[in-house]
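Enquirer: Here the sequence shown is numbered in this note's numbering, starting from 772 and rising by one per residue. Mind looking over this structure? Questions follow.
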Amino acid sequence: MNRNIVLIGFMGSGKSSIGKLVAKRMGFQFIDTDAIVAGRAGLEIPAIFARFGEERFREMETAAIESLRHLTRCVIATGGGAVLREKNRALLRETGFVVCLTVSEEVIFERVSRNSRRPLLQTENPRETVAKMLATRRALYEETAHLMLDTTAFPRDRAADAVIVAAKRAFSWQGAE
Ligand code: S3P
Numbered sequence: 772m773n774r775n776i777v778l779i780g781f782m783g784s785g786k787s788s789i790g791k792l793v794a795k796r797m798g799f800q801f802i803d804t805d806a807i808v809a810g811r812a813g814l815e816i817p818a819i820f821a822r823f824g825e826e827r828f829r830e831m832e833t834a835a836i837e838s839l840r841h842l843t844r845c846v847i848a849t850g851g852g853a854v855l856r857e858k859n860r861a862l863l864r865e866t867g868f869v870v871c872l873t874v875s876e877e878v879i880f881e882r883v884s885r886n887s888r889r890p891l892l893q894t895e896n897p898r899e900t901v902a903k904m905l906a907t908r909r910a911l912y913e914e915t916a917h918l919m920l921d922t923t924a925f926p927r928d929r930a931a932d933a934v935i936v937a938a939k940r941a942f943s944w945q946g947a948e
């Protein structure tokens, strides 16, 4: 495991906002795999889905994750579906200390329904879509994460603190600090 912190979790679980805070406090660089994919494609995520489809997006996502393997001292926020591919799950665990952020289904729905940036939720019944996706992904998040962290009751800075404490402990167990 490299000395990075990898954040996984469902859409709206706070990976970017908590990740930025963790990066700032640790003096690590913040990286977002969706931003890498969008930057390489020269298109926003919804446009990538619309033009090339989900499968092509997943290939680009794997390439983005693969390109981060050699880094250290980064906080890496991933897209909610990054755990779908077995290859990604193994890569993420090699890349760093993997924390899965979770929040209640109500909070997720409340957050994701505020905007239309999530192509997979542009369905007739987004609430049902969220519930179904959560049900199929939950085991994959658990399998990939070194730590599951429920932040439903935490303000952002307390969630960031909890990530930092756990990551430092994991890094020192490895003799990396
Ligand atoms: C996806 C989550 C999104 C983005 C894409 C697909 C998913 O990222 O990668 O829309 O499959 O859950 P966020 O989790 O940052 O919203």
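In this text, a Cβ means the ideal position worked out from N, Cα and C, and glycines have one as well.
(1) Thinking C-alpha only, which one of T849, M797, I779, M782 is nearest V936?
(2) Looking only at its own chain, which residues have a Cβ that is under 6 Å from the Cβ of L918, when we skip the five neighbours before and after it?
(3) For D921, write down the residues that DSSP places opposite it in a beta bridge.
(4) Is the beta carbon of I963 within less than 8 Å of some heavy atom of the ligand S3P?
(5) Using DSSP with H/G/I as helix, E/B as strand and the rest coil, what is R940?
(6) Give the C-beta separation of I847 and T833 to the nearest angstrom, bearing in mind that I take them to be a contact with Cβ-Cβ under 8 Å.
(7) Provide the residue(s) that pair with L778 in DSSP beta bridges, ordered along the chain.
Expert: The relevant details are as follows:
(1) M797
(2) V870, A937
(3) T873
(4) Any property of residue 963 remains undetermined from this structure, which presents the chain solely from 772 to 948.
(5) helix
(6) Wrong, their Cβ atoms sit about 14 Å apart, outside the cutoff.
(7) A848, V870
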